[in-house]
Each structure stands twice: as C-alpha cells, then as structure tokens.
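Asker: Take this structure first; my questions come after.
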Amino acid sequence: MSPADRRVGLAVGRRDACAVVLGPENEVLARAVLPDDANDYDPPDARPAATVATLLDALGEVAAPEHVGRVVLAAALTRPLHRPAECARVGVLRIGAPATASVPPFSGWPARLTAAVRGPVALVAGGHEYDGRVAAPLDRAAVEAFARACRTRRDPVAAVAVTAVHAQANGAHEQEAAVLLADALGPDVPVVTGGDEGGLGLLERENAAILDAALAPTARRVLDEVGAVLAERGLVDELYLVHGDGTVFPAQSAARRPLRTVGALHSSARVGGVHLAGEATVVVVDDDGRRVRVSAAVEGWPQESGRLVEVLGIRTNLREVRVTEAPADAVGPTTARAVAGLAGPLVLVRNARRLPDLLLPGRVLRPDDAPFAAAIGAAVGEAAGTVDRIFWIGERSRAEVVAEARRLAAEAAIRAGADPRRVRIGTVAETLMTYVPTSCVRIRVRAVGPVLTVGTERGGEQ
Amino acid sequence: MRLFGPEDVDDLALGALFHGSGGGGDPYLPRQMLHAALDRHGPVRLVDAEELDPDGLVLPVVTAGAPHSLIEKFHGTAEAAALRAALEAHAGRPVVGVLPIQLGPVNALMPLVVAAQLGLPCLDVDGMRRTFPKLEMTVFALAGLPISPIILVDSAGSSAVLTAADNNTVSSLLRSCLPSMGLVAMCSAYLLNVGQCAEIGSRQALTRCAELGAVLRSVAPGPAENYAGFLERCDGRIIFSGVVHEVVQSLDGGFARGTLSLESTDGTRSLRIDFQSENLVATEDGVPVVTVPDLINLVDVDSGFLLQSPDVVVGQQVHVIASRVDPHWHTPAGHACAGPRAFGIDLDVVPVCA
Numbered sequence: 134m135s136p137a138d139r140r141v142g143l144a145v146g147r148r149d150a151c152a153v154v155l156g157p158e159n160e161v162l163a164r165a166v167l168p169d170d171a172n173d174y175d176p177p178d179a180r181p182a183a184t185v186a187t188l189l190d191a192l193g194e195v196a197a198p199e200h201v202g203r204v205v206l207a208a209a210l211t212r213p214l215h216r217p218a219e220c221a222r223v224g225v226l227r228i229g230a231p232a233t234a235s236v237p238p239f240s241g242w243p244a245r246l247t248a249a250v251r252g253p254v255a256l257v258a259g260g261h262e263y264d265g266r267v268a269a270p271l272d273r274a275a276v277e278a279f280a281r282a283c284r285t286r287r288d289p290v291a292a293v294a295v296t297a298v299h300a301q302a303n304g305a306h307e308q309e310a311a312v313l314l315a316d317a318l319g320p321d322v323p324v325v326t327g328g329d330e331g332g333l334g335l336l337e338r339e340n341a342a343i344l345d346a347a348l349a350p351t352a353r354r355v356l357d358e359v360g361a362v363l364a365e366r367g368l369v370d371e372l373y374l375v376h377g378d379g380t381v382f383p384a385q386s387a388a389r390r391p392l393r394t395v396g397a398l399h400s401s402a403r404v405g406g407v408h409l410a411g412e413a414t415v416v417v418v419d420d421d422g423r424r425v426r427v428s429a430a431v432e433g434w435p436q437e438s439g440r441l442v443e444v445l446g447i448r449t450n451l452r453e454v455r456v457t458e459a460p461a462d463a464v465g466p467t468t469a470r471a472v473a474g475l476a477g478p479l480v481l482v483r484n485a486r487r488l489p490d491l492l493l494p495g496r497v498l499r500p501d502d503a504p505f506a507a508a509i510g511a512a513v514g515e516a517a518g519t520v521d522r523i524f525w526i527g528e529r530s531r532a533e534v535v536a537e538a539r540r541l542a543a544e545a546a547i548r549a550g551a552d553p554r555r556v557r558i559g560t561v562a563e564t565l566m567t568y569v570p571t572s573c574v575r576i577r578v579r580a581v582g583p584v585l586t587v588g589t590e591r592g593g594e595q
Numbered sequence: 071m072r073l074f075g076p077e078d079v080d081d082l083a084l085g086a087l088f089h090g091s092g093g094g095g096d097p098y099l100p101r102q103m104l105h106a107a108l109d110r111h112g113p114v115r116l117v118d119a120e121e122l123d124p125d126g127l128v129l130p131v132v133t134a135g136a137p138h139s140l141i142e143k144f145h146g147t148a149e150a151a152a153l154r155a156a157l158e159a160h161a162g163r164p165v166v167g168v169l170p171i172q173l174g175p176v177n178a179l180m181p182l183v184v185a186a187q188l189g190l191p192c193l194d195v196d197g198m199r200r201t202f203p204k205l206e207m208t209v210f211a212l213a214g215l216p217i218s219p220i221i222l223v224d225s226a227g228s229s230a231v232l233t234a235a236d237n238n239t240v241s242s243l244l245r246s247c248l249p250s251m252g253l254v255a256m257c258s259a260y261l262l263n264v265g266q267c268a269e270i271g272s273r274q275a276l277t278r279c280a281e282l283g284a285v286l287r288s289v290a291p292g293p294a295e296n297y298a299g300f301l302e303r304c305d306g307r308i309i310f311s312g313v314v315h316e317v318v319q320s321l322d323g324g325f326a327r328g329t330l331s332l333e334s335t336d337g338t339r340s341l342r343i344d345f346q347s348e349n350l351v352a353t354e355d356g357v358p359v360v361t362v363p364d365l366i367n368l369v370d371v372d373s374g375f376l377l378q379s380p381d382v383v384v385g386q387q388v389h390v391i392a393s394r395v396d397p398h399w400h401t402p403a404g405h406a407c408a409g410p411r412a413f414g415i416d417l418d419v420v421p422v423c424a
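Taken in order, these protein sequences are the chains called B and P.
Residues in the first sequence are numbered consecutively from 134, following the numbering used here.
Residues in the second sequence are numbered consecutively from 71, following the numbering used here.
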C-alpha cells in the first residue's frame, strides 16, 4: 500500500481560490482554480465549504484519500467582524480586581461591533503577580454569579472570553475559571482563555479573546462544513488552517482562535513564494488582483513590523508581519524601500508576475507556479509555537531561563502539530524591565517545525 | 483655563511619546485609561498655575514601575483617592490641583486621569520637560527642593510614605518598594505649592506637548523630507536614516541597558544608540553626535510611529530624530544632573547642532 504522503493546499480568498496537491518531495502533482462562475454571485470565501468541494473535485484522483495525509486551508475566518450581526454575543470575564478597573473591557472598540458582541461583563478578584505568585485568591462566587448572568439573560451568550492578570506567568486562575464556566454553561458555549498563547498586555490578550469568542461559533460551523466536505470524499485525516504569520495550526484550534487566520492568504502566498524561490531570504511581491503587498522572509523567518495586529482599530496580541502595501503606480519604489537592507531576490507571486521588470529593483524571479503560491504555501507551511512573557530569574542563571523559554516554545510548536524531532528555534529576544532594577526578563522566542503527518510512518527517519 | 476632553487625548499622547525619547512606555494603555476617565467623569480643567491659590498644595502624580508589568497589571480606580488622602494627611492641608512631573507617554496622561477621577484641576506645568528615569531629575530638584516625601499606593491598597535626608536614599527606597507592589505603583513626590510650580516648573507644558503632537500627527510616513515642518517645530534634525541591524540588551548594576545598531540604506554609515530606559547617546562611526539631556527618537519609516527602544526589531527602517531639550537642562547643574555621566557614561554632553 502506498503511503499517504501527499498534501492538499487550498487557498480561498475574496476574489479567487485555488488548490494544489504536493507529493512527498513537494513536487506539484495537480493544480486547480475555482471557475469564475462557481459560486454564483458570492465571493469564494463567503461559502468556504462549497469552494473547497469544487476545488477538491477539480483536483480529481490525484487527491484521492489513500494518497493524502493532510489538507491545509488558507482562508480568513474573520468575515463576521465586518458584519456584526453575524458575530456571537460574548460574556467577558476579567480576573484581577481591584487592579485594572481603570480600563473596562471593550475600551476603544467601534460602537457597532461592541453593541453586537457585548454580553455580561465582570471584573472579579484574583490573578497573579509578574513572578507567578498569587495576587489575590480567585473569587469563585463572583465567577459563578457571572456564569448565571451569561445563562439567564433573555439573550444568552454564545461564547465567553476569560482573561487574567499575569496569566502567562501563572495560568491557574484563568484555567480554574474556565472550568467553572464550562461546567455552568455546557459544551455548546466555547470558553476562550486569553493566556493560551501570545504576547504580554492584558488589554491586547483580552481583546483577542473577545474577538475569538465572537467568531468562534461561526468558525466552528464553517470548519464543520469543510470537515463534512472532506469526509464525503473520504478525506478524514487532519485538517489544518493557515495562521496569519504563515504557519499552520489544527482546525480544532482554529475553531477556538479564528482571529489567528487574519492575513492568512497573503502570508501563505509569501510562504509559497519563498518555497518557489528556493532561497531562505526572499522578498515576495504578491498581487491578489486588488492590492500589491510586499513582505520578506529573512533566513526563513518572516520579517516582523515590531507592531501588534489591529483589527477594526482594536489592538490584539498577535504580532504583525511586516507588509508594505504598494500602490499600483508605485510598486517599484515601494518594493525598493521594502527590500532595503536585504540581500535576497524578488519573487513575484499570484498576479504580480505580470509586473514588468522595468518597475522592479534587483534580481527578479517569476516561478511558473506563482499563481498557485498561496495554495503551495498552505501545503508546505510549518507548525509554530511562540512564547512571549515575563520570566522571573530569581536564583537561576539567565541561560537556564532562556532554556526554559526555548523548551516552552518547542512544546507549543509540537502542540500545534510540529514533528518533535525536527523543531527549530528562532532568535531569542530578551527585553529587560526598564525603570525598575529587578530580576525579571521578557523573553520572546518562536519555534517551528514541519507538520507531523498522520498516515506517514512516524518512526521513519530513525 | 481650558477644558481637556477626549478629542485632545491623541495629540497629547503623541507629543508625550516624543518627549519619552525612546522610553516611558507604550501610549496605548494610558490613552485607553484617559479616555475611560474622561468618559466617566467628564473633561478636566487644565489651568495655568496663576489661576489657583499660590499657597495651595499640589498633588504631583506619576506611575512608577516597569512598563512591561504595567501593561499586565494596570491601575484600578481607588489609587488616586488613596494617594491624595496620604499626601493630605502628611502635609496637613488639602490638595488644590494635580501636577504632572514627567512628560512621557504614561506620565503626561496619568495626572489627567487622576484629575478626572478626583474632580480636581490639572496644572499645565511639568517638572522634567521630557522623560527621565529618576524622580530627582526635575527642575524642582535643580532648584534645590527635596523629593521627599515619596508616597506610593498600589491597586491592592498597600501604601508607603518614604522620607529621607537626601534624594538618592529616598529614590532607592522607592525602587526597593516596587517589587512588593507588583512593579507598578501610583506615586507622588515633592511637597510643592502652586506658587513654586509657577516659579520653577515649565509652563504650558501639556498644551505645548499636545501642539507638538498635533504637528507630528500631520506628517505623512515616509522619507525624511516629510518631517521638515515638524523638525523646525521641535528644534531638531534627522541625524540618520537606515535599517536596524542588531538589538542587544544586558543588565548593568540592576538597570537594563541596551544598544541598537543601525546601518544606512547604502551600507556606508553606521549609528549606535545606547539606551537605559530612554535613549542616551547616539554615536556615528565611533563619534558621539548627540547625548542626553537632548532628545533622541526613532521613527518607523513604514508607519511613522515613534518607537520604544526596547521594542525595536531587527530589519525595521527608521529615521533618527535628535532634538533640543528645554534650556533648563543646558546649564552646568542641568548637565551634572542629567548628562551622560549621571547615567554612568563617561562623556561630556553633546548637544544637537541645529
């Protein structure tokens, strides 16, 4: 029996959609694009499951279930944010009173979205300090009262977001509250906790948790529909989604954290561009038919902007990839600026391969499969884990603390699906506490690795 | 007197970020805090010192602590009243207004938050004209006033009143209290009346800070030429444009120190920026070109945002803006108090040459 060593990559965008099947050596075995009239008048990403079905049928026998070990979908699950009526009503619990009362949840949110999303809000006692010790005992009675408010309203909540002060230094109260809420509200109400992953900053984590909770019921429905389309074709193995940073994560995680798919199309086009270029430092020029976006990978890692992703003016805890938008009449100068300081070639993907050489600085690559870059990027995407928190050094050495951070990042990558034997760890960014001399350090580190596919022999490379 | 309302927040925050000189914390949280306070309590009366009783006691306000801890465990709503009560008990008389001590992304906004919460006017005065890391680096200290008493309150209700015969001692007492308070406290220092603020403090501090912020906000992100009008306004110039090559941080005597290495786009020049909380020295090809107390800021070319030095990432393209600090600091006493040697760097002050 042949191993299931093929991967299907699907890219479902606003204006178009495409798919590829990659073989064991990442060779492209089949390609498909969505016919213009496939979805009647809807954009392809309005009905992702129908689009996926059409693409899979177009790929045909090459994507037969006995060959395929993994299906990876690049699609933004964030559409409802632009249609607030489609968002879930969310109960918001913050743990840390009396600290943090000066800025209530939903501060700085657009009024329309707040009106649609805001359910009961409570700030309860509990939370931890920067070094992980308990700041105050969790007020379980207040958590239970909040749960009742979420359940008994005439307009009950469809999801709950829970965020605790310093949950990354110690997640105990956040987890304890999540268990209480899950017991009280039942399995149909997703409970999203802020501290799962991602950066420092209570408001940023809380904002992301609320947005995820608001999107979760729709995301779960969409992914169930996609799952059903796969199952009908016998493709019962794992479904992955593309993260906004270009890595991939399991569909069951995406159903809880759909916000992480924001920007997934461009990011998988970048990953695909890097793969097609065959070099580790590359500038990718991506034209999706509406806008030209320029971004870069340096030594295989996406270049960051140093900022956090904002959605509708709401700051989240997701770190932003550096993407420069180029106006159609200034692609050259914008690209030149984006490339400054980088040695790699330009690779033109999706519609950008039509741009004339004249407009572009430096070495230019136009791969044959450039129109399929986003689908290829999904199929070759790796799984990642990130750690970004304060570490208390105490009696330990800096090196021991860094080793702990690296280990936690590697574990997070493995949870996201990375092959434990092939995890690589990126640069460790250490930021010390300014203004107060103290034995703490903020460490940010990422680990990535190829996805371990069920269906291939797990012990194969020993 | 003028009313400070929600429409004024962004200009002030941006101007204060510029006076942070690469430090002072990210303005996102204080902006949210000030908006929430103005929403709850209405606009704040921003007053010149002459408008209040010269013998009235003022409540100086700063948030003390580590910005990375503040963004996790920020203030509740009870600290302002506790701070006021502690100062009034210590001084034995009532407070008539709130005084900003530091123009920084957190601490230019926090006094307005407190003024809104307490229903007090906020003086349009400050004690630093920029961000410095120590409470003794103020024009009040230059005039010989002691920083004692320092009063700290935290969100859990803990408080401390610290006094000492000299500024160094009380300042180190402050730093030793902070770890027990979660690295964040609302804090008051100096025993000042309105008349002393009028005489010594920098006047129209918040108003001018917000005006500078408004000018900076009107600059379109991009090439150095776009900043011409702003540079004229802030008495500064762009000393370098290039790409961040390396970011290094280390602990030195308990304080976090860092170095940014930049390379010009054509690779022919290099600039090094040393920071300790704020940017201290810019050195081009081995020669110091500007030092504290003048301001050194990094602007992200893509977005036009001013950057906090500890958060800069490799690959970012930046302009480096050096600008002249308030003349109070360009005196022998000012240089001794806040020049490079005050930060353990054996260099004379190199002011920005316009």
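Cβ coordinates follow ideal geometry from the N, Cα and C atoms, glycine included.
1) Could you confirm whether any beta carbon from chain B is found closer than 8 Å to the beta carbon of residue 274 of chain P?
2) Is there a Cβ from chain P that is less than 8 Å from the Cβ of residue 234 of chain B?
3) So what's residue 344 of chain P in DSSP terms, helix, strand or just coil?
4) Among B:296, B:508, B:250 and B:524, which residue has its Cα nearest to the Cα of residue 233 of chain B?
5) Is there a Cβ from chain P that is less than 8 Å from the Cβ of residue 440 of chain B?
6) What does a CB cutoff of less than 6 Å around residue 425 of chain P pick up in its chain, not counting 5 residues either side in sequence?
7) Thinking C-beta only, is residue 151 of chain P closer than 8 Å to residue 261 of chain P?
8) Measure the Cβ-Cβ separation of residue 153 of chain P and residue 223 of chain P and say whether it is below 8 Å.
9) Taking the alpha-carbon of residue 163 of chain P as reference, which of P:401, P:263 and P:297 has the nearest alpha-carbon?
10) Between the stretch 335 to 346 of chain B and chain P, which residues of the former have a C-beta closer than 7 Å to a C-beta of the latter?
11) Can you tell me whether DSSP reads residue 55 of chain P as helix, strand or coil?
12) Which runs of the beta strand (DSSP E), 3 residues or longer, sit entirely within the stretch 254 to 308 of chain B?
13) If we cut at 8 Å on Cβ distances, does residue 450 of chain P have a partner in chain B?
14) Tell me, please, whether the CB atom of residue 231 of chain B is closer than 8 Å to any CB atom in chain P?
15) In chain order, what residues of the same chain lie with their CB nearer than 6 Å to the CB of residue 291 of chain B, ignoring the 5 residues before and after it?
16) So, using beta-carbon positions, are residue 81 of chain P and residue 284 of chain P closer together than 8 Å?
17) For residue 590 of chain B, count neighbouring C-beta atoms within 10 Å of its own C-beta (all shown protein chains included) and say buried if the count is 16 or more, exposed if not.
18) Smallest Cα separation from residue 333 of chain P: which of P:327, P:316 and P:291?
19) Let's test the definition: count the other Cβ atoms within 10 Å of the Cβ of residue 341 of chain P and tell me whether it reaches 16, buried, or not, exposed.
20) Just reading off the beta strand (DSSP E) that residue 229 of chain B is part of, what are its end residues?
21) Go ahead and label residue 215 of chain B buried or exposed: buried means 16 or more other beta carbons lie within 10 angstroms of its beta carbon, across all protein chains shown.
22) So residue 423 of chain P is in the beta strand (DSSP E); what residue range does that whole segment cover?
23) Using three-state DSSP, classify residue 407 of chain P as helix, strand or coil.
24) Report the option in B:195, B:532 and B:321 whose CA atom is closest to the CA atom of residue 563 of chain B.
25) Touch check for the stretch 187 to 203 of chain B and the stretch 367 to 385 of chain B: three-plus C-beta pairs under 8 Å?
26) Taking the beta carbon of residue 397 of chain P as the centre, do at least 16 other beta carbons fall within 10 Å, making it buried, or is it exposed?
27) Residues of the stretch 568 to 579 of chain B in Cβ contact with chain C at a cutoff of 8 Å, in chain order, please.
28) Which residue or residues does DSSP assign as beta-bridge partners of residue 131 of chain P?
29) Pop quiz: residue 245 of chain P and residue 569 of chain B are said to be a contact at Cβ under 8 Å. What is the actual Cβ separation, rounded to whole angstroms?
30) Would you say residue 366 of chain P faces chain B, with C-beta separation under 8 Å as the test?
31) Kindly indicate if chain B contains any beta-carbon less than 8 Å away from that of residue 76 of chain P.
32) Buried or exposed: which applies to residue 461 of chain B, given that a residue is buried once 16 or more other Cβ atoms fall within 10 Å of its Cβ?
33) Anyone know if the C-beta pair for residue 180 of chain P and residue 100 of chain P falls short of 8 Å?
34) Between the stretch 326 to 333 of chain B and the stretch 521 to 529 of chain B, can you find at least three pairs of beta-carbon atoms closer than 8 Å?
35) Measuring CB atoms only, is the stretch 462 to 477 of chain B touching the stretch 413 to 422 of chain P, in the sense that at least three cross pairs come out at less than 8 Å?
36) What ranges does the beta strand (DSSP E) occupy inside the stretch 172 to 230 of chain P, keeping only unbroken runs of at least 3 residues that lie completely in it?
Answerer: Looking at the atomic coordinates:
1) In the second sequence, the residue the question calls residue 274 of chain P occupies position 204. It does not; no Cβ of chain B falls within 8 Å.
2) Counting from one through the first sequence, the residue named residue 234 of chain B turns up at place 101. True, the Cβ-Cβ gap to chain P drops below 8 Å.
3) For the purposes of this step, residue 344 of chain P is taken as residue 274 along the second sequence, with counting starting at 1. In the structure shown, residue 344 of chain P sits in a strand (DSSP, three-state: E or B).
4) In the first sequence, residue 233 of chain B corresponds to position 100, counting from 1. Closest by alpha carbon: B:296.
5) As a first step, residue 440 of chain B must be located in the first sequence, where it is residue number 307. At least one chain P Cβ lies under 8 Å of residue 440 of chain B.
6) With chain P covering only 71 through 424, there is no way to say anything about residue 425 of chain P.
7) The sequence position of residue 261 of chain P within the second sequence is 191, counting from 1. The sequence position of residue 151 of chain P within the second sequence is 81, counting from 1. Taking 8 Å as the Cβ cut-off, residue 261 of chain P and residue 151 of chain P do not qualify as a contacting pair.
8) Here residue 153 of chain P refers to the residue found at position 83 of the second sequence. Here residue 223 of chain P refers to the residue found at position 153 of the second sequence. Yes.
9) Stepping through the second sequence from its first residue, residue 163 of chain P is reached at position 93. Of the listed residues, the one whose Cα sits closest to residue 163 of chain P is P:263.
10) 335 and 336
11) Outside the shown range of chain P, which is 71 to 424, sits residue 55 of chain P, and nothing can be said about it.
12) 292 to 297
13) An answer regarding residue 450 of chain P cannot be provided, because it is not within the stretch 71 to 424 covered by chain P.
14) Here residue 231 of chain B is taken as the residue at index 98 of the first sequence, counted from 1. Output row for residue 231 of chain B: interface = yes.
15) Stepping through the first sequence from its first residue, residue 291 of chain B is reached at position 158. Here the set comprises 221, 222 and 350.
16) What you label residue 81 of chain P is simply residue 11 of the second sequence in a count that begins at 1. What you label residue 284 of chain P is simply residue 214 of the second sequence in a count that begins at 1. Closer than 8 Å, so yes.
17) One-based indexing of the first sequence puts residue 590 of chain B at position 457. With a pLDDT of 42 at residue 590 of chain B, under the threshold of 50, the modelled position of this residue cannot be trusted; read the value that follows with caution. Classification of residue 590 of chain B: exposed, given that the 10 Å Cβ count is below 16.
18) If you number the second sequence from 1, residue 333 of chain P lands on position 263. Closest by alpha carbon: P:316.
19) Position 271 of the second sequence, counted from the start, is the residue given in the question as residue 341 of chain P. Per the 10 Å Cβ criterion, buried.
20) If you number the first sequence from 1, residue 229 of chain B lands on position 96. First-last of the beta strand (DSSP E) with residue 229 of chain B: 223 to 230.
21) Translated into the one-based positions of the first sequence, residue 215 of chain B becomes position 82. Exposed, because fewer than 16 other Cβ atoms sit within 10 Å of the Cβ of residue 215 of chain B.
22) Counting from 1 along the second sequence, the entry for residue 423 of chain P is found at position 353. Premise fails: residue 423 of chain P is in no beta strand (DSSP E) and is neither H nor E.
23) Position 337 of the second sequence holds residue 407 of chain P. It is helical.
24) As a working mapping, residue 563 of chain B is identified with position 430 in the first sequence. Ranking the options by Cα distance to residue 563 of chain B, first place goes to B:532.
25) yes
26) Residue mapping note: residue 397 of chain P aligns to position 327 of the second sequence, counting from 1. The residue is exposed, with fewer than 16 neighbouring Cβ atoms inside 10 Å.
27) Absent from the structure is chain C; the protein chains it does hold are B and P.
28) Locating residue 131 of chain P in the second sequence gives position 61, counting from the first residue. P:170, per the DSSP bridge assignment.
29) Your numbering for residue 245 of chain P matches position 175 in the second sequence. Your numbering for residue 569 of chain B matches position 436 in the first sequence. Sure, about 6 Å apart at Cβ, within 8 Å.
30) For the purposes of this step, residue 366 of chain P is taken as the residue at position 296 of the second sequence. Chain B, which has no Cβ nearer than 8 Å to the Cβ of residue 366 of chain P, makes this no.
31) Within the second sequence, residue 76 of chain P is the residue found at index 6, counting from 1. By this cut-off, residue 76 of chain P is not an interface position.
32) For the purposes of this step, residue 461 of chain B is taken as residue 328 along the first sequence, with counting starting at 1. When all chains shown are included, residue 461 of chain B counts as exposed.
33) As a position in the second sequence, residue 180 of chain P is number 110, starting the count at 1. As a position in the second sequence, residue 100 of chain P is number 30, starting the count at 1. Yes, the Cβ-Cβ distance between residue 180 of chain P and residue 100 of chain P is below 8 Å.
34) yes
35) no
36) 220 to 223
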